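Just below is one structure, and these are the notes that go with it.
Chains as they are written, first to last, in this note's numbering: chain V, 6 to 329; chain G, 1463 to 1724.
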């Protein structure tokens, strides 16, 4: 969308679920259920969810339906094309792709990742972020990645056991590299711990020769519903990281995690994205359909001009001219 | 002497129970339950003391005051009328009341409903959801021993032996680590503990079908249902079949603070 703010679309993640009671899920006949959507050509379509919709009406009150996993499992090309193009149209620069929740078996995950990357690249030239907590699944996605279309992104390296191998993969495939703030023994419980962990990973990336501008640091966003200080921990960490590493490295987080379990997530996400940009994020990871990124780009351009990060407001002026 | 009554939700069985006492006692219990319900942890210790000052035994103040307040919010959460932070501040309020009651509770009445060993399995560092399950189990009267994250099968087995656990609860937030639920159950079997300990399996990627397939006894979709499942596992009603928390029958519970009747 613009260099000022990089947007990662998070919607192609097999963890994504809808409440079984969601009005978006409609009965197709007496025994079949589907997710209704309108594709970008204006055609009304349905993603068949019958296989993963609870049969027992008693269970529906609290059940969650893994609709993205289902779309990948049944190879619904219409839905996947819609999911990727709708995000791009809304302003996503990278599309995160995660199939982890589709199977506990590594071979199955790897097969799904290979298929998903190949399939999406037949639909778009956008940068795909190959996302897994299992380095083998990432390697599988990179093996089939067509680098004539775009540079791949790897999500993510961290200090946990077995992950540093991703540094070699990043070099081998000339990939953008996400690093997250997880520690070797546990998740960070403060801003300082996030900074300390990421400083260590930055050291590894220095030694591996990953260019600064290819590094995306994920400060780890946890839900405020589970801990009142989780939002502050993240924002303070972003501030400290920006000060410590300067303007070139990219800083972001899984911003919509912050509202998990709370009502009106769109509103909380909106406020948190603005706070994050003010703290120093130049990248956001969101559902671009729920929180359209253009608003955050324009906010950042204006804020940068107002605080002289954008000297004489030249980037701001260019943006205004281009959108006039 | 005038007798007043109130209805509370028994935090262990989930049934509505009638409690009677003097009007002062019932008023004090209602006030205490309301403070817990609203998560007012700063005033709960005084309200707990006030209930004790009416002559109520500490155990009654615990069950009919503190736990009654928690049960109301728990029920609301299950009906999606309350949110996680409201449940957490309620549990916190209950804890401050417990600090007043604990020295007064007779050793026999302090006997927990069940002893639970919790942990996130090997290779997985996620602790938030598992921690909430622990808080809710404690609130319902269980004794909880949290092994933390990245817990090896051997650590689970050792902790179960050390504390003589009735239930083991395992968490995983990654599909890449959920197979370690199966490995942990195998370790229990090899240690000769599988027949003695009930096993609960949960976490975002874990489905009821997965939990049943790997030989767990119960699965739940959220922390409060996990408490319900745990209660069922240690009750005489449990016949040994797999408990799918997603299909547990909803009990009809009161919504508002119970009214006292003179």
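Glycine residues also receive a C-beta, built at the ideal position from the N, C-alpha and C atoms.
In this text, all values refer to a predicted model and were calculated from it rather than measured experimentally.
Annotation: residue 307 of chain V to residue 257 of chain V spans about 19 Å, alpha carbon to alpha carbon. For residue 1587 of chain G, the chain V residues whose C-beta falls within less than 8 Å of its own C-beta are 165, 187, 188, 190, 191 and 192, listed in chain order. At least 9 Å separates the beta-carbon of residue 206 of chain V from that of residue 134 of chain V. Residue-level contact by beta carbon fails for residue 1647 of chain G and chain V, as no gap is shorter than 9 Å. With fewer than 16 other beta carbons inside 10 angstroms of its own, residue 62 of chain V counts as exposed. For residue 1497 of chain G, same chain residues with a beta-carbon under 6 Å away, outside a window of 5 residues either side, are 1505, 1506 and 1509 in chain order. Taking 9 Å as the threshold, the shortest C-beta distance from residue 1655 of chain G to chain V does not fall below it. Excluding five sequence positions before and after residue 108 of chain V, the CB atoms of its chain that fall closer than 6 Å to its own CB belong to 114, given in chain order.
For residue 222 of chain V, the closest of V/130, V/201, V/228 and V/237 by C-alpha to C-alpha distance is V/201. Ranked by Cα distance from residue 1669 of chain G, the options G/1652, G/1646, G/1690 and G/1637 are led by G/1637. For residue 67 of chain V, the closest Cβ of chain G is nearer than 9 Å. In this structure residue 1467 of chain G is in contact with residue 1481 of chain G, their Cβ atoms being roughly 7 Å apart against a cut-off of 8 Å. Between residue 1549 of chain G and residue 1685 of chain G, the C-beta gap is smaller than 9 Å, which places the two residues in contact. Listed in chain order, the positions of the region 1657-1676 of chain G with a beta carbon within less than 8 Å of a beta carbon of chain V are 1666, 1667 and 1672.
Taken through DSSP and simplified to helix, strand or coil, residue 220 of chain V comes out as strand.
Within the region 1485-1549 of chain G, the alpha helix (DSSP H) runs of at least 4 residues that lie entirely inside it are, in chain order, 1485-1499, 1506-1515, 1520-1523 and 1529-1540. Burial check for residue 195 of chain V: the Cβ neighbour count within 10 Å stays below 16, so the residue is exposed. Residue contact check for residue 1485 of chain G against chain V: no CB pair falls below 9 Å. Nearest in C-alpha terms to residue 1503 of chain G, of all of G/1511, G/1551 and G/1487, is G/1551. As the crow flies, the alpha-carbon of residue 255 of chain V is around 7 Å from that of residue 286 of chain V.
Approximately 6 Å separates the beta-carbon atoms of residue 70 of chain V and residue 54 of chain V; this is inside 8 Å, confirming the contact. Counted as a single uninterrupted DSSP element, the alpha helix (DSSP H) harbouring residue 202 of chain V occupies residues 196-213. Scanning chain G for C-beta atoms nearer than 7 Å to the C-beta of residue 20 of chain V yields 1666, reported in chain order. DSSP places residue 316 of chain V in no beta strand (DSSP E); its state is neither H nor E.
Under DSSP, residue 1581 of chain G shares a beta bridge with G/1632. Assigned with DSSP and collapsed to three states, residue 234 of chain V falls in coil, not helix or strand.
Interface annotation, residue 1709 of chain G: in contact with chain V, CB-CB separation under 9 Å. Using a Cβ-Cβ cut-off of 9 Å, residue 1550 of chain G counts as an interface residue toward chain V, since at least one Cβ of chain V sits closer than that to its own.
Listed in chain order, the beta strand (DSSP E) runs fully inside the region 89-130 of chain V are 99-103, counting runs of at least 3 residues. In the DSSP assignment, residue 140 of chain V falls within the alpha helix (DSSP H) that extends over 140-148. Note on the region 161-197 of chain V: whole alpha helix (DSSP H) runs with a minimum of 4 residues are 170-177, in chain order. Per DSSP, the unbroken alpha helix (DSSP H) holding residue 1649 of chain G starts and ends at 1641-1652.
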